[in-house]
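2 protein chains.
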Amino acid sequence: MTYRAPVKDMLFVMKELAGIDAVAQLPGFEDAGLDTAAAVLEECARFNEDVVAPLNREGDVRPSSFADGQVHATPGFKQAFHQFAEAGWQGLQHPVEFGGQGLPKLIGAACGEMVNSASISFALCPLLSDGAIEALLTAGSHEQQAAYIPNMIAGRWTGTMCLTEPQAGSDLSLVRTRAEPQADGSHKLFGTKIFITWGEHDMAENIVHLVLARVAGAPEGVKGISLFVCPKFLPDGTRNDVHCVSIEHKLGIKASPTAVLQFGDHGGAVGHLVGQENRGLEYMFIMMNAARFGVGVQGIALAERAYQLAVRYARDRVQSRPVDGSTPGASAIIRHPDVRRMLMTMRAHTEGCRAMALVAAAAYDAAHTHPDEAVRKQNQAFYEFLVPLVKGLSTEMSLDVASLGVQVHGGMGFIEETGAAQYLRDAKILTIYEGTTAIQANDLVGRKTARDGGATARAIAARIEATETELAARASDASRTMARRLGAARQALLDVVDFVLANVRTDANAVFAGSVPYLMLAGTAVAGWQMARALAVAEDRLAAGEDPEFMRAKIATARFYGDHILNRCTGLRDSIVEGAGAVTALELEAF
Amino acid sequence: MTYRAPVKDMLFVMKELAGIDAVAQLPGFEDAGLDTAAAVLEECARFNEDVVAPLNREGDVRPSSFADGQVHATPGFKQAFHQFAEAGWQGLQHPVEFGGQGLPKLIGAACGEMVNSASISFALCPLLSDGAIEALLTAGSHEQQAAYIPNMIAGRWTGTMCLTEPQAGSDLSLVRTRAEPQADGSHKLFGTKIFITWGEHDMAENIVHLVLARVAGAPEGVKGISLFVCPKFLPDGTRNDVHCVSIEHKLGIKASPTAVLQFGDHGGAVGHLVGQENRGLEYMFIMMNAARFGVGVQGIALAERAYQLAVRYARDRVQSRPVDGSTPGASAIIRHPDVRRMLMTMRAHTEGCRAMALVAAAAYDAAHTHPDEAVRKQNQAFYEFLVPLVKGLSTEMSLDVASLGVQVHGGMGFIEETGAAQYLRDAKILTIYEGTTAIQANDLVGRKTARDGGATARAIAARIEATETELAARASDASRTMARRLGAARQALLDVVDFVLANVRTDANAVFAGSVPYLMLAGTAVAGWQMARALAVAEDRLAAGEDPEFMRAKIATARFYGDHILNRCTGLRDSIVEGAGAVTALELEAF
Numbered sequence: 001m002t003y004r005a006p007v008k009d010m011l012f013v014m015k016e017l018a019g020i021d022a023v024a025q026l027p028g029f030e031d032a033g034l035d036t037a038a039a040v041l042e043e044c045a046r047f048n049e050d051v052v053a054p055l056n057r058e059g060d061v062r063p064s065s066f067a068d069g070q071v072h073a074t075p076g077f078k079q080a081f082h083q084f085a086e087a088g089w090q091g092l093q094h095p096v097e098f099g100g101q102g103l104p105k106l107i108g109a110a111c112g113e114m115v116n117s118a119s120i121s122f123a124l125c126p127l128l129s130d131g132a133i134e135a136l137l138t139a140g141s142h143e144q145q146a147a148y149i150p151n152m153i154a155g156r157w158t159g160t161m162c163l164t165e166p167q168a169g170s171d172l173s174l175v176r177t178r179a180e181p182q183a184d185g186s187h188k189l190f191g192t193k194i195f196i197t198w199g200e201h202d203m204a205e206n207i208v209h210l211v212l213a214r215v216a217g218a219p220e221g222v223k224g225i226s227l228f229v230c231p232k233f234l235p236d237g238t239r240n241d242v243h244c245v246s247i248e249h250k251l252g253i254k255a256s257p258t259a260v261l262q263f264g265d266h267g268g269a270v271g272h273l274v275g276q277e278n279r280g281l282e283y284m285f286i287m288m289n290a291a292r293f294g295v296g297v298q299g300i301a302l303a304e305r306a307y308q309l310a311v312r313y314a315r316d317r318v319q320s321r322p323v324d325g326s327t328p329g330a331s332a333i334i335r336h337p338d339v340r341r342m343l344m345t346m347r348a349h350t351e352g353c354r355a356m357a358l359v360a361a362a363a364y365d366a367a368h369t370h371p372d373e374a375v376r377k378q379n380q381a382f383y384e385f386l387v388p389l390v391k392g393l394s395t396e397m398s399l400d401v402a403s404l405g406v407q408v409h410g411g412m413g414f415i416e417e418t419g420a421a422q423y424l425r426d427a428k429i430l431t432i433y434e435g436t437t438a439i440q441a442n443d444l445v446g447r448k449t450a451r452d453g454g455a456t457a458r459a460i461a462a463r464i465e466a467t468e469t470e471l472a473a474r475a476s477d478a479s480r481t482m483a484r485r486l487g488a489a490r491q492a493l494l495d496v497v498d499f500v501l502a503n504v505r506t507d508a509n510a511v512f513a514g515s516v517p518y519l520m521l522a523g524t525a526v527a528g529w530q531m532a533r534a535l536a537v538a539e540d541r542l543a544a545g546e547d548p549e550f551m552r553a554k555i556a557t558a559r560f561y562g563d564h565i566l567n568r569c570t571g572l573r574d575s576i577v578e579g580a581g582a583v584t585a586l587e588l589e590a591f
Numbered sequence: 001m002t003y004r005a006p007v008k009d010m011l012f013v014m015k016e017l018a019g020i021d022a023v024a025q026l027p028g029f030e031d032a033g034l035d036t037a038a039a040v041l042e043e044c045a046r047f048n049e050d051v052v053a054p055l056n057r058e059g060d061v062r063p064s065s066f067a068d069g070q071v072h073a074t075p076g077f078k079q080a081f082h083q084f085a086e087a088g089w090q091g092l093q094h095p096v097e098f099g100g101q102g103l104p105k106l107i108g109a110a111c112g113e114m115v116n117s118a119s120i121s122f123a124l125c126p127l128l129s130d131g132a133i134e135a136l137l138t139a140g141s142h143e144q145q146a147a148y149i150p151n152m153i154a155g156r157w158t159g160t161m162c163l164t165e166p167q168a169g170s171d172l173s174l175v176r177t178r179a180e181p182q183a184d185g186s187h188k189l190f191g192t193k194i195f196i197t198w199g200e201h202d203m204a205e206n207i208v209h210l211v212l213a214r215v216a217g218a219p220e221g222v223k224g225i226s227l228f229v230c231p232k233f234l235p236d237g238t239r240n241d242v243h244c245v246s247i248e249h250k251l252g253i254k255a256s257p258t259a260v261l262q263f264g265d266h267g268g269a270v271g272h273l274v275g276q277e278n279r280g281l282e283y284m285f286i287m288m289n290a291a292r293f294g295v296g297v298q299g300i301a302l303a304e305r306a307y308q309l310a311v312r313y314a315r316d317r318v319q320s321r322p323v324d325g326s327t328p329g330a331s332a333i334i335r336h337p338d339v340r341r342m343l344m345t346m347r348a349h350t351e352g353c354r355a356m357a358l359v360a361a362a363a364y365d366a367a368h369t370h371p372d373e374a375v376r377k378q379n380q381a382f383y384e385f386l387v388p389l390v391k392g393l394s395t396e397m398s399l400d401v402a403s404l405g406v407q408v409h410g411g412m413g414f415i416e417e418t419g420a421a422q423y424l425r426d427a428k429i430l431t432i433y434e435g436t437t438a439i440q441a442n443d444l445v446g447r448k449t450a451r452d453g454g455a456t457a458r459a460i461a462a463r464i465e466a467t468e469t470e471l472a473a474r475a476s477d478a479s480r481t482m483a484r485r486l487g488a489a490r491q492a493l494l495d496v497v498d499f500v501l502a503n504v505r506t507d508a509n510a511v512f513a514g515s516v517p518y519l520m521l522a523g524t525a526v527a528g529w530q531m532a533r534a535l536a537v538a539e540d541r542l543a544a545g546e547d548p549e550f551m552r553a554k555i556a557t558a559r560f561y562g563d564h565i566l567n568r569c570t571g572l573r574d575s576i577v578e579g580a581g582a583v584t585a586l587e588l589e590a591f
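Protein chains in written order, with the UniProt record's numbering: chain A, 1 to 591; chain B, 1 to 591.
Take a look at the structure:
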């Protein structure tokens, strides 16, 4: 067994931090309480542990391959994807009317972590289908929804997001793919899209491309971009004029083919407008926001698996006497304090970000289905604030965690057969795709902080403060220390919010010089807040005699988060508030 | 041109921080003043830029290959190595009597950075020869020195260090390779060595293995290990019984073959004892200490090249409007504050660690040749304190720098053809080989801090304080801010030294739980100290009208170091002093 899903921790977070009982009171989620969650998670764990996880290394050693316009997935992937869809995992969060399970995002996010721990390359295919389904649910016509969504939920077809072009990466205003209106109401698409994940493959019968393009005569920039659905095979079975011309040779996630797609080289690819003309970017953002959260979950998933591999090695590998002389000869390296420090760092990051992500998911559920509009709005603001943190922090920490995973293995970590190095290679895409960390940070500064005058950020700080107060009133040293650390982190967060608001209009360079550190600070504070809440709950449960081993572990991990991670916030604050000038002081010519 | 050697920065550090004028007053180094350094560095730059640097990517794409016991180096490597030796680079720091140049380590370290920037895989071969030469100079007989050193300096033969065995990595007490005494005074060696860098190849006529082994009946543990010289071909030309059975499939440095060597499978490998029996580990440490410093320099070298690649991309890649609206359309991404922050982080780390390494090198020179014994001792203590910092910090930062280098490239960074990803893959070995970061940190705590009761650490802190005083008295805001940051870092360092000394005997676990953070703190403080000294010098030179562009850049980079890197020390101190308990609190079974 190379992966064991952390079902217990997920259920603890769902119950104690994310409030699954409240989610189960939302309309439509009446059956989605803790018992359902436990049953679904157990089933999901079994599937991913048994079917998907064994494919991960195989996908690295035998990546997807390209020949003559065809992409062949790694052996075993097609069968596993078939099983995945058969078992209903593709439809987990999608509407029952289209064949889905209609479960809340809270449960979906936990299941998403598992399949990504099992294999990120594999999981990317259903992740992209999820995005396409989401976009069609939002902006597609009834006919489009009926034509595409059930087939995607059934796993017969998969979806893609075709945004990037060679000159248009983070900056989608530069998209040049053009759409020519046809007499029958359809369009013909012409252009080149790059970095299209699972843009071509043999795992399903058809591939539904959602494509950003410009209708002739549309305004320049982002306001002239429309969204089109453009399947590989048209409904009548004819092959559409979209062709894969190559796939990339990448650092990691090698099993997932990253395609260059040519649209319209043979007369034009038939596409149909989704929603209204020139509103394509808006619809695409719906997919992207879901995908950003999903990529954050990938970071957590990767960190979890890297951690598990490192723990196994550290238990087995015998080397050197313990520094405290507790055994006379060499011992398992897990007994060495620095190995423990590395493992605890990996574990604390993972649990902290998982708690943050699941709390965000529950807010999403409330934001979409709570009967009270004020509650919906408040949850929506909270969720939207957290999306860049989940994406940015979880992926950045996953890089550190994967690197520590290699380090725990020593020289063996550098040998590919060990498997630890793959996680490091795979992790590096997570801080880049679906918007780099800097793009997430821009979102945090602009849309999530400046736009509402810091209201959401301050509301979160107030909630953090309430947790501090609760912890400070407790008897344990662990709680009181955590209250102090959390207070320092909250104050740092507020200082930076003040700095952002005071300068964003007058000195944008200074604010954006600190945007990524701000994201790291805010994410660390929010994840640390969840660990602080977990600490309090675990102390109570422990006192009540409930699952003492788990509760003691949670307390220890939360405390580590406080002492070794949460305390980075103050330094980040200083860098942001006092160090902005130094970021842009060097003249361009001097680099 | 894919690499341009930073000769100007190296000469600035040599002259203004490392004191090359003083080095040139040491006996034997009378000709090694700034003019000589400039001439040597220019020549070295040309060679590495033109001959070695173009091979780096080739070595990644076409690694060393193994077949039938033979290893073939990447095409082009053999010719380049021949040119390298012909031009005298192998003998740069070695004695004139054996055909070397007899130059100080200060110049050697700068040249070492260049060849490693050009290609770490390539540079490893001469680096290992340097270690073997060093060991033979220290412990070899006159006959051994005469037989091996001139051939290695001429590049006809190369050297290796054969330490690691499957069960003996960081813990060399577990070495099992055995040496059986023969009637003629030689020994026959039997055993398996793994992870032997350039352990087999076709770049030279012979390979001189320096091998740790146990003579039959030797004491257990590290006190029973002896050092043997065991060449691939014996002096009479017969093939010795040491054979490569495989090479590793690695994450990075793929051009440098990492061999598994079998000694004695066909009757015994002929080896000759180097120095005295059972003192092998002591001699090996001579090689290792040189190699550890050398690996630190590899980190700096890799960071420099990753930085240069990222700067080039950031200048060329056009994407998105500047946040300050300074241009109406999309601009080169180097104009975006977060890209600047990443590039400045890369640059500041690299310059800081370079300054620290060259200052250490100058101390090594004084420690070995200064006429006054007290001065020698003082410099030796300073150098030895700095070795784990140079190794540990420079390699850890090189990982961050390489990762940022990929990040600057966005999606293109994840595509192998771009080249940025190779640096990340290559960097990961640097924190592992020649002693992991944790091993360096153990050395810092044990031999470098506890053993002299903190005397060296406190002496360094006092020197840092003198720099603070000087900076605080200056007029500029940059100087006074830096003085403040440096003071906080120094205080943090002293707090940790006190903590280490107070607890190392009574609570070793607590001290070693913070050993790596202590290393990072001490390294950051010392590198930051050098940047602070550089700031003061640069302000003076700028006021005098000397090279204003360079001096302004140095001031800006130093300031960035202060505002964004040096200020991490306080958080590290808190983690070490207050967080030790949390590192080992989780019960072993709970991982």
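Beta carbons: idealized from backbone N, C-alpha and C, even for Gly.
Close Cβ partners of B/G562 (< 6 Å) along its chain, the five nearest in sequence each way excluded: Counted from its first residue, the second sequence places residue 562 of chain B at position 562. Excluding positions up to five away in sequence, the list reads M482, R485.
Name the residues in the UniProt domain "Acyl-CoA oxidase/dehydrogenase middle" (161-265) of chain B whose C-beta lies less than 9 Å from a C-beta of chain A; which are they? Hits within the stretch, in order: T164, Q167, A168, G169, S170, D171, S173, L174, I194, F195, E248, H249, K250, L251, G252, I253, T258.
Span of the alpha helix (DSSP H), counted from its first residue to its last, around A/E578: Counting from one through the first sequence, the residue named residue 578 of chain A turns up at place 578. 569-584 is the span of the alpha helix (DSSP H), which, as asked, contains A/E578.
Determine which residues share a DSSP beta bridge with B/S226 and list them. If you number the second sequence from 1, residue 226 of chain B lands on position 226. As computed with DSSP, B/S226 is found in a beta bridge with B/A213.
Helix, strand or coil for A/R485? Go by DSSP, reduced to three states. In the first sequence, residue 485 of chain A corresponds to position 485, counting from 1. Looking at A/R485 - three-state DSSP - the assignment turns out to be helix.
Looking only at its chain, what residues have a beta carbon closer than 6 Å to the beta carbon of B/W89, apart from the 5 residues adjacent to it on each side? As a working mapping, residue 89 of chain B is identified with position 89 in the second sequence. Result list for B/W89: empty, nothing under 6 Å.
Name the chain B residues that come within less than 7 Å of A/H564, Cβ to Cβ? Here residue 564 of chain A refers to the residue found at position 564 when the first sequence is read from its first residue. Residues of chain B whose Cβ lies closer than 7 Å to the Cβ of A/H564 are, in chain order, S575, G579, A582.
Since B/Q319 meets chain A, which of its residues come closer than 9 Å, beta carbon to beta carbon? In the second sequence, counting from the first residue as 1, residue 319 of chain B sits at position 319. Chain-ordered, the chain A residues with CB closer than 9 Å to the CB of B/Q319 read Q167, A168, G169, S170, D171, L174.
For B/A259, the residue or residues it bridges with in DSSP: In the second sequence, counting from the first residue as 1, residue 259 of chain B sits at position 259. For B/A259, which the question treats as bridged, DSSP gives the partners B/I196, B/I247.
Check whether the Cβ atoms of B/V13 and B/L309 sit closer than 8 Å, and answer yes or no. Taking the first residue of the second sequence as position 1, residue 13 of chain B is located at position 13. Taking the first residue of the second sequence as position 1, residue 309 of chain B is located at position 309. Going by beta carbons, B/V13 and B/L309 fall outside the 8 Å limit.
Closest by C-alpha distance to A/G203, when choosing among A/M284, A/P75, A/A45, A/L494: For this step, residue 203 of chain A is matched to residue 203 along the first sequence. The sequence shown places Met at residue 203 of chain A, not Gly. The shortest CA-to-CA distance from A/M203 to any of A/M284, A/P75, A/A45, A/L494 is the one to A/P75.
Helix, strand or coil at A/H370 [DSSP, three-state]: In the first sequence, counting from the first residue as 1, residue 370 of chain A sits at position 370. For A/H370, the secondary structure class from DSSP, reduced to helix, strand or coil, is coil.
Cβ atoms of A/A135 and A/L210: under 8 Å apart, would you say? For the purposes of this step, residue 210 of chain A is taken as residue 210 along the first sequence, with counting starting at 1. For the purposes of this step, residue 135 of chain A is taken as residue 135 along the first sequence, with counting starting at 1. A contact, by the Cβ cut-off of 8 Å.
Interface residues of chain A around B/R552 at Cβ under 9 Å? Residue numbering aside, residue 552 of chain B sits at position 552 when the second sequence is read from its first letter. Going along chain A in sequence order, the residues near B/R552 (Cβ under 9 Å) are A585, L586, E587, A590.
Quick one: which chain A residues come within Cβ less than 8 Å of B/R46? Translated into positions along the second sequence, residue 46 of chain B becomes position 46. What B/R46 touches in chain A: nothing, since even the nearest Cβ is about 23 Å away.
Within a Cβ cutoff of 8 Å, which residues of the same chain sit near B/R321, ignoring the five residues on either side of it in sequence? Locating residue 321 of chain B in the second sequence gives position 321, counting from the first residue. Apart from sequence neighbours up to five positions away, the residues of its chain that approach B/R321 with a beta-carbon distance below 8 Å are T327, P328, G329, A330, S331, ordered along the chain.
Here's a check: name, in chain order, each residue in its chain whose Cβ is nearer than 8 Å to the Cβ of B/E30, leaving out the five neighbours to either side. As a working note, residue 30 of chain B is residue 30 in the second sequence. So the list reads A24, once near-sequence residues are dropped.
Assuming B/L404 and B/M342 form a contact by the criterion Cβ under 8 Å, report the distance between their Cβ atoms to the nearest whole angstrom. Along the second sequence, one-based indexing puts residue 404 of chain B at 404. Along the second sequence, one-based indexing puts residue 342 of chain B at 342. The beta carbons of B/L404 and B/M342 sit about 5 Å from each other, so the pair counts as a contact at 8 Å.
Where A/M1 falls, given that 16 or more other Cβ within 10 Å makes a residue buried: Here residue 1 of chain A corresponds to residue number 1 of the first sequence, with the count starting at 1. Around the beta carbon of A/M1, a 10 Å sphere encloses fewer than 16 other beta carbons of the protein chains shown; the residue is thus reported as exposed.
Output needed for B/R279: all residues of its chain with C-beta closer than 8 Å, excluding positions within five of it in sequence on either side, in chain order. By one-based count along the second sequence, residue 279 of chain B stands at place 279. Scanning its chain for C-beta atoms nearer than 8 Å, with the 5 sequence neighbours on each side dropped, one finds around B/R279 the residues A139, S226, L227, in chain order.
The alpha helix (DSSP H) spanning A/T557 covers which residue range? Walking along the first sequence from the start, residue 557 of chain A turns up at place 557. Where A/T557 is concerned, the enclosing alpha helix (DSSP H) stretches over 548-560.
Inter-residue CB distance, A/L386 and A/A360 (contact presumed, cutoff 8 Å): Locating residue 386 of chain A in the first sequence gives position 386, counting from the first residue. Locating residue 360 of chain A in the first sequence gives position 360, counting from the first residue. About 4 Å separates the CB atoms of A/L386 and A/A360; that is less than 8 Å, so the two are in contact.
Meets three-Cβ-pair contact criterion under 8 Å: the region 52-63 of chain A and the region 393-403 of chain A: No: fewer than three Cβ pairs fall under 8 Å.
Under 7 Å Cβ-Cβ, which residues of chain B neighbour A/N509? What you label residue 509 of chain A is simply residue 509 of the first sequence in a count that begins at 1. Within 7 Å Cβ-Cβ: V323, D324, P337.
Where DSSP assigns a beta bridge to A/S65, which residues make up the other side? As a working mapping, residue 65 of chain A is identified with position 65 in the first sequence. As computed with DSSP, A/S65 is found in a beta bridge with A/H72.
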